[in-house]
Each structure stands twice: as C-alpha cells, then as structure tokens.
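Below: one structure, written as structure tokens.
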Ligand code: HEM
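Written out as structure tokens, the structure reads:
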C-alpha cells in the first residue's frame with residue numbers, strides 16, 4: 238500500500254534550486270506539484286495544488302500529498318520571517334531579544350490607547366481646561382492642602398470656562414477637584430507613556446537589541462511622542478483664550494483637537510505595526526494575482542478609518558453630535574438646508590456643525606460599506622487563517638462601531654456611549670492594522 242504513494246512522495250521531495258528564501262538547509266525538501274510537475278515555490282502553487290488535488294483519482298494518494306504539502310507549508314512558515322525580524326536576525330539579534338522589543342512596542346501602543354480613552358473621557362466630562370498652567374515637573378504633584386486646592390480653584394475662576402459653567406450651574410470646590418483630577422490623570426498618563434518608551438528604548442539600544450532598520454523609527458516615535466505633548470498643551474491653550482461673545486461656549490479649537498487625536502492615532506498605529514513585526518511569524522499566503530491589489534486596499538482601509546476618526550474629532554470639537562439627532566435622515570431631510578451656510582465654502586467642512594456631522598456620518602457609513610465590499614472580495618481568495626480571521630473581525634467591528642455612533646447620536650451623546658464609540662474607533666483601527674500587517678510583503 239505504501240508503494241502507492243512512494244513515487245509521489247519521492248517526486249515531491251526533489252530539490253528545487255529557485256527557492257530563494259528557503260533557508261536553514263532544507264532546500265532539498267521543496268516539493269514539486271504532483272500534477273503539473275512544476276516546482277512549488279515560496280507562496281506559490283498553494284491554490285493550484287488544492288484545485289488539482291480535487292481531480293486526483295486515489296483519495297489516499299490525494300490525502301498523502303496534501304499532508305505532505307501541509308508539512309511543507311508549516312516547515313516553510315517556521316523559516317519565514319517578517320522584514321523586521323529578518324533584519325534583526327541578520328544583525329545577530331537573538332529571537333528572545335526581538336520578542337522583548339516587540340512586547341515593549343505593543344505595551345507602548347497600549348499606553349497610547351489608554352491615553353486616547355482617558356483624553357476622550359476628560360473632554361466629555363468637561364475637565365480638560367481645569368489645569369490652567371503647563372509645567373512639566375511641578376504639575377506632577379496634586380495640590381496637597383485645602384489652601385493649595387483653593388488657590389488652584391481661584392486661578393481657574395479667572396478663565397472663560399469657569400465663567401460659562403458658573404452661569405449655567407454653581408461649581409463647588411469638590412466639583413473642581415474632580416475635573417482637575419481627570420485632567421491631571423490624563424497628563425500623568427502622557428508622562429508615563431513617555432517614560433515607558435524612552436527608558437527601555439535607551440536600554441535596548443545600548444544592549445544592541447535594536448536593528449539598524451528600527452533605529453530611525455525609534456527616533457520618529459520619540460519625536461512624535463514629544464510633539465503629542467506639545468499639541469496637547471497647544472490645544473488646551475486655545476480653550477483658555479477669551480471668546481468674543483458673552484454667550485460663546487469656551488471650548489478648544491476643533492482643528493487642534495483633531496491634530497492631537499490624529500497624531501495619537503498615528504503614533505498608536507506605528508507602535509502596533511512595529512510590535513506586530515517583531516512578534517508574529519508570517520503565515521504563508523497564496524501568490525494569487527489579487528495579492529498586490531489586496532495589500533494596497535488594506536492600506537486604503539486603514540486610511541479611511543483614520544480619516545473617519547479625524548472627522549469624528551471635528552464632531553466632538555464642535556459638539557456637533559448634539560444637533561440633528563436623527564438617523565438616517567438629518568431631521569426630515571437627506572441634505573440639510575444649512576449644509577453650505579458659511580463663506581468661503583471650504584470653511585463649512587471644518588467649522589459648520591451641520592456639515593461636520595453630515596461628513597462624519599457619511600464617512601462612517603461609507604467605511605462600513607467599503608469594508609463589507611472588501612470582505613466580499615476576499616471570500617474566494619485562499620487567505621491564510623489569521624488574515625481571514627482579521628477580515629472577519631474587521632467587518633463585525635465596523636458594523637458595531639457604526640451602530641455605536643448612531644446610538645450616540647440618537648441619545649444626545651451620553652458620556653459612556655461617546656467614550657465607547659471613541660474606543661471603538663481605536664479597536665477598528667487596530668484590526669485594520671493587524672489585517673494589513675498580515676498581508677504585508679515579505680522579504681525575498
Ligand atoms: C467606522 C465608523 C466610525 C468611526 C471610526 C468613528 C469615529 C469617531 C471618533 C474617533 C470620534 C471622536 C470621539 C472623541 O474625540 O471623543 C467620533 C465622534 C462621533 N461620532 Fe463617530 N465614527 C464612526 C461612525 C459614526 C456614525 C455612523 C455616526 C452616526 C451616524 C457617528 C456619530 C458620532 C458622533 C455623534 C460623535 C460625537 C461624539 C462626541 O461628541 O464625543 N459616528 N466618531
């Protein structure tokens with residue numbers, strides 16, 4: 238019985254000289270396609286083989302051949318490396334060191350995730366303008382005595398936000414302590430993120446655990462972290478400035494809020510991508526024609542999620558979620574009358590609450606439709622299991638995120654829902670990053 242599949246086995250194990258990236262001295266294990274006799278190269282023939290196996294007469298032979306191919310696949314996978322890991326290996330950086338660096342980068346992305354959520358809650362509880370100074374070291378200590386608290390409160394009272402709040406409802410010292418604590422916690426979290434990045438970065442760099450390719454990236458991450466802190470203060474400053482009209486609600490500039498959120502999302506994406514590149518072993522992908530297109534589209538999806546999130550920051554900055562609390566129409570119209578009320582016209586995109594909400598809701602809906610279309614397109618492509626899981630999660634999460642957005646709108650933006658919607662955008666972005674990372678091009 239064994240004789241039945243031995244010739245096939247022997248043929249499949251013939252050497253293959255063109256398997257370029259097949260390292261660790263296992264070249265002789267590269268098989269040939271049992272039907273067409275062509276060599277099975279890296280990432281190739283996977284789909285052709287599964288197709289041709291369907292036509293094989295003997296089920297037993299078919300099973301053995303596919304078992305052999307599966308073995309080949311997993312052997313190949315264990316020898317495949319991402320670009321980052323390959324670069325690190327070429328510089329003799331041990332696998333365990335790479336894993337530690339990877340975990341650290343994922344940890345930094347987690348810290349940025351936390352900072353975004355905390356920042357969102359700080360904004361939603363109207364706490365963001367309670368600390369009216371910016372001192373890197375001195376502000377680290379909370380006021381210690383009742384006298385110090387009172388002094389901080391008196392300072393806050395001289396700013397427009399207090400005047401507005403007091404005209405709506407009396408603010409007590411204990412109310413002030415709460416909003417001050419929220420802003421203090423957000424700032425402290427930002428500092429902790431900086432330290433959690435810088436100290437290990439210096440240590441790993443000195444130990445030689447950072448590959449040449451990663452070094453410039455670490456410098457970019459550090460610059461972005463510093464810039465993030467600067468943007469945070471620049472944003473708060475805009476909310477402390479006196480507004481022209483007595484009835485104007487003091488709030489931070491929506492442009493600066495979007496810049497602060499956008500730079501945090503960028504930093505988060507970079508940390509996550511870097512961490513995944515260090516930690517995950519690539520799974521074999523079929524070398525189908527559509528792969529390059531899929532790769533490009535997966536980056537397109539990341540971009541549209543990013544832009545939708547940025548447009549959400551404009552909604553949040555202008556409190557534009559509090560008008561037109563209906564869906565799918567805005568009041569009883571698909572296109573509201575005051576969509577282009579401002580002049581020049583471009584100003585409507587960023588400053589007219591109606592247009593800002595109109596753009597965000599339609600960008601959000603388009604994001605879901607595009608992800609669904611992409612998911613449909615991927616159905617017939619034999620993606621590796623992790624990539625398949627990622628695209629399924631992406632579809633599910635996009636529907637959940639849009640549902641959260643609609644519910645937030647219909648219920649007049651309660652803090653808990655708005656904060657969940659904001660966290661949802663980060664989860665959605667993370668899945669899109671994971672998916673694009675699974676599809677990334679591997680070094681030849
Ligand atoms: C993929 C889809 C979506 C993403 C990624 C997304 C993302 C975001 C983000 C990042 C914010 C800013 C949150 C903040 O800074 O606090 C936001 C705000 C908002 N979004 Fe979405 N959104 C999506 C879909 C939708 C949809 C479909 C709707 C409603 C039709 C919607 C309604 C809102 C509202 C009302 C706010 C303002 C909440 C606030 O004031 O805090 N979103 N969105």
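In this note's numbering, the protein residues as written are 238 to 681. Virtual Cβ for every residue (Gly too), placed ideally from N, Cα, C.
Bridge partners - residue i, DSSP secondary structure assignment
i, result
"residue 692", "There is no way to answer for residue 692, as the model of the chain reaches only from 238 to 681."
Nearest neighbour of residue i, chosen from the options [CA to CA]
i, options, result
"residue 552", "666, 658, 527 and 391", "658"
"residue 460", "550, 438, 516 and 600", "438"
"residue 660", "336, 352, 341 and 643", "352"
"residue 444", "610, 338, 627 and 429", "338"
"residue 623", "668, 560 and 358", "668"
"residue 613", "633, 342 and 366", "633"
"residue 527", "611, 566, 643 and 415", "611"
"residue 576", "592, 608, 635 and 393", "592"
"residue 321", "510, 594 and 359", "510"
"residue 358", "665, 471, 679 and 651", "651"
"residue 500", "530, 475 and 457", "457"
"residue 620", "569, 347, 525 and 471", "525"
"residue 596", "490, 679 and 546", "546"
"residue 644", "356, 590 and 561", "561"
"residue 414", "362, 451 and 453", "362"
"residue 567", "581, 554 and 599", "599"
"residue 427", "442, 470 and 404", "470"
"residue 565", "455, 642 and 441", "642"
"residue 448", "628, 609, 335 and 557", "335"
"residue 498", "360, 653, 370 and 455", "360"
"residue 421", "441, 397, 473 and 399", "473"
"residue 678", "425, 371, 441 and 521", "521"
"residue 366", "333, 329, 344 and 489", "489"
"residue 380", "417, 332 and 354", "417"
"residue 364", "344, 399, 395 and 330", "399"
"residue 503", "559, 639, 419 and 670", "670"
"residue 477", "635, 664, 368 and 618", "368"
"residue 446", "328, 637 and 387", "328"
DSSP three-state assignment for residue i, whether helix, strand or coil
i, result
"residue 369", "coil"
"residue 408", "coil"
"residue 679", "coil"
"residue 416", "helix"
"residue 391", "helix"
"residue 490", "coil"
"residue 382", "coil"
"residue 530", "helix"
"residue 343", "helix"
"residue 587", "helix"
"residue 519", "coil"
"residue 620", "coil"
"residue 376", "helix"
"residue 668", "helix"
"residue 651", "coil"
"residue 256", "In this prediction, residue 256 has a pLDDT of 34, which is less than 50 and means its spatial position is unreliable; what the coordinates show is noted afterwards. Residue state, collapsed to three classes: coil."
"residue 581", "coil"
"residue 331", "coil"
"residue 349", "helix"
"residue 362", "coil"
"residue 313", "Confidence at residue 313 is low in this model, with a pLDDT of 46, below 50, so its placement is unreliable and the value that follows should be read with caution. DSSP places residue 313 in helix when its eight states are reduced to three."
"residue 478", "coil"
"residue 525", "coil"
"residue 396", "coil"
"residue 562", "coil"
"residue 556", "coil"
"residue 265", "The predicted position of residue 265 is uncertain, since its pLDDT is 37 and thus under 50; a value taken from the coordinates is nonetheless stated next. In the structure shown, residue 265 sits in a helix (DSSP, three-state: H, G or I)."
"residue 280", "Residue confidence for residue 280 is low, a pLDDT of 39 falling below 50, so the modelled location carries little weight and cannot support an answer."
Where the alpha helix (DSSP H) through residue i begins and ends
i, result
"residue 449", "Run containing residue 449: none; DSSP gives neither H nor E here."
"residue 594", "590 to 615"
Count the C-beta pairs between the region 597 to 610 and the region 572 to 587 that are closer than 8 Å, then say yes if the count reaches three, no if not. By the criterion of at least three beta-carbon pairs nearer than 8 Å, the region 597 to 610 is not in contact with the region 572 to 587.
I want to know whether the region 403 to 411 touches the region 491 to 501 - three or more CB-CB distances under 8 Å. The count of Cβ pairs closer than 8 Å, one atom from the region 403 to 411 and one from the region 491 to 501, stays below three, leaving the stretches out of contact.
Spell out a yes or no on whether the region 531 to 547 and the region 659 to 676 are touching, meaning 3 or more CB-CB pairs, one atom from each, closer than 8 Å. They touch, by the three-pair rule.
Below 8 Å, can you find three or more Cβ-Cβ pairs linking the region 358 to 376 to the region 504 to 521? With contact defined as three or more Cβ pairs closer than 8 Å, the region 358 to 376 and the region 504 to 521 are not in contact.
For the structure I just gave you, are there three or more beta carbon pairs, one from the region 453 to 468 and one from the region 425 to 440, closer than 8 Å? Touching, per the Cβ criterion.
With three or more C-beta pairs closer than 8 Å as the rule, is the region 339 to 350 touching the region 382 to 394? Fewer than three Cβ pairs drawn from the region 382 to 394 and the region 339 to 350 lie within less than 8 Å of each other, which leaves the two stretches out of contact.
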